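Report on one structure; see the data block that follows.
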Amino acid sequence: MTFLPSSINEAADDCRMVYVSETPPQKPRPLFDGESDLITVQRIGEITGLSEATIRKEINDGRLPACRIGRRLYVPKTELAEYVMKGVGVGR
Numbered sequence: 145m146t147f148l149p150s151s152i153n154e155a156a157d158d159c160r161m162v163y164v165s166e167t168p169p170q171k172p173r174p175l176f177d178g179e180s181d182l183i184t185v186q187r188i189g190e191i192t193g194l195s196e197a198t199i200r201k202e203i204n205d206g207r208l209p210a211c212r213i214g215r216r217l218y219v220p221k222t223e224l225a226e227y228v229m230k231g232v233g234v235g236r
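Residue numbers (our numbering): 145 to 236.
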């Protein structure tokens, strides 16, 4: 037997959004949530899969802002997130 609603309103009353978890999706987490405010070149390589040389080239070419503390280079988390969102890459 096929159920046919007698009106549009009745059909709308029977419809509801169903999520796999039965709860609405949460807001997306900010990029690099849980990382330090300053991220080392080595850690960026671990996160992105890029080589340290590639990351350093992006920094040296001025495409990825960084600061030096002692002998280490650090990229501010906010700058890295902005860089990723822009889709900047080597050779662009």
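Every residue, glycine too, gets a C-beta built ideally from N, C-alpha and C. As the structure is a computational prediction, the values presented were derived from the model and not from experiment.
Closest by C-alpha distance to residue i, when choosing among the options
i, options, result
"I196", "K230, K171 and R216", "A small fix is needed here, since residue 196 is Glu in this sequence, not Ile. Taking only the C-alpha atoms, the option nearest E196 is R216."
"E179", "R207, K230, V228 and P220", "P220"
"Y227", "I213, R173, G214 and I203", "I203"
"E223", "G214, R212 and D181", "D181"
DSSP beta-bridge partners of residue i
i, result
"Y218", "T184 and C211"
Supposed contact pair residue j and residue i - C-beta distance, whole angstroms, cut 8 Å
i, j, result
"L175", "A225", "4 Å"
"T192", "Y218", "T192 to Y218, Cβ: 15 Å. No contact."
"G206", "I199", "With a Cβ gap of about 13 Å, G206 and I199 do not count as contacting."
Where residue i sits in the DSSP three-state scheme
i, result
"L194", "coil"
"G189", "helix"
"E179", "coil"
"R200", "helix"
"K230", "helix"
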